[in-house]
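A.B. asks: Be aware that the sequence shown starts at 0, since it is given in numbering that gives the first Met the number 0, and climbs by one per residue. A virtual CB, placed ideally from N, CA and C, is assigned to each residue, including glycine. Owing to the predicted nature of the structure, the values given are computational and were not obtained by experimental measurement.
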Amino acid sequence: MTIFSRIIAGEIPCYKVAENDKFFAFLDINPVNWGHTLIVPKKEEDYIFDISDEDLGEMMVFAKKVAKGIKKAIPCRKVGVTVLGLEVPHAHIHLVPLQKEGDMDFKVKIDNPDPEKMKKIAEEIASNIE
Ligand code: 5GP
């Protein structure tokens, strides 16, 4: 079981943003910017391009919904989309609110993000998802 499956199962806490029957969205614990959100399929698959066409399409549509919520909740020009997947072997899309290109530099993380602020941001994004 991956760490993300344990989060989805509720065994490990997270700042949850949204879920449906197939996908789960929660804040990245080491955000590169405030509002940095991960989109994860509930069905474990390591590499995103091993996901079926149908599920990958649905995953992107779910990410779009969440990104719209992020854009409403957090002032930004656009929400950036990245897939890395080198650390956790459970496919995920990173969504990061962007004011400038440097806001999506994965080498620069927010130092010790305040739990209260993370909680508030997750709630704010969740309440802006249609
Ligand atoms: P990647 O696999 O895309 O290279 O990186 C994995 C991402 O997942 C990183 O941005 C990391 O901060 C995040 N991450 C790793 N473990 C956890 C966790 O237990 N909880 C949350 N919320 N995020 C995690």
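Does the distance from the C-beta atom of residue 89 to that of residue 39 stay below 8 Å?
C.D. replies: yes
A.B. asks: Counting only the same chain and skipping the five closest in sequence on each side, list residues whose C-beta sits under 7 Å from that of residue 16.
C.D. replies: Around residue 16, the same chain offers 24, 25, 26, 36, 65, 121, 124 and 125 as residues with beta carbons nearer than 7 Å, after the five sequence neighbours per side are excluded.
A.B. asks: Return the first residue and the last residue of the alpha helix (DSSP H) that residue 61 is part of.
C.D. replies: 52-72
A.B. asks: Please list, in chain order, all residues of the same chain as residue 76 whose beta carbon is under 7 Å from its beta carbon, the five residues on each side excluded.
C.D. replies: Annotation for residue 76: 97 and 98 place their beta carbon closer than 7 Å to its own, counting only its chain and skipping 5 residues before and after.
A.B. asks: What does a CB cutoff of less than 8 Å around residue 128 pick up in its chain, not counting 5 residues either side in sequence?
C.D. replies: 16, 17, 64, 65, 67 and 68
A.B. asks: Quick check on the burial criterion: 16 or more other C-beta atoms within 10 angstroms. Buried or exposed for residue 59?
C.D. replies: Residue 59 should be labelled exposed.
A.B. asks: Looking at ligand 1, does it come within less than 7 Å of residue 25, judged from the CB to the closest heavy atom?
C.D. replies: yes
A.B. asks: Is the beta carbon of residue 7 within less than 7 Å of some heavy atom of ligand 1?
C.D. replies: Taking the Cβ of residue 7 as the reference point, every heavy atom of ligand 1 lies at 7 Å or farther away.
A.B. asks: Candidates 29, 110 and 43: which alpha carbon is nearest residue 4's?
C.D. replies: 43
A.B. asks: Considering only their Cβ atoms, is the gap separating residue 82 from residue 92 smaller than 8 Å?
C.D. replies: In this structure, residue 82 lies closer than 8 Å to residue 92 by Cβ.
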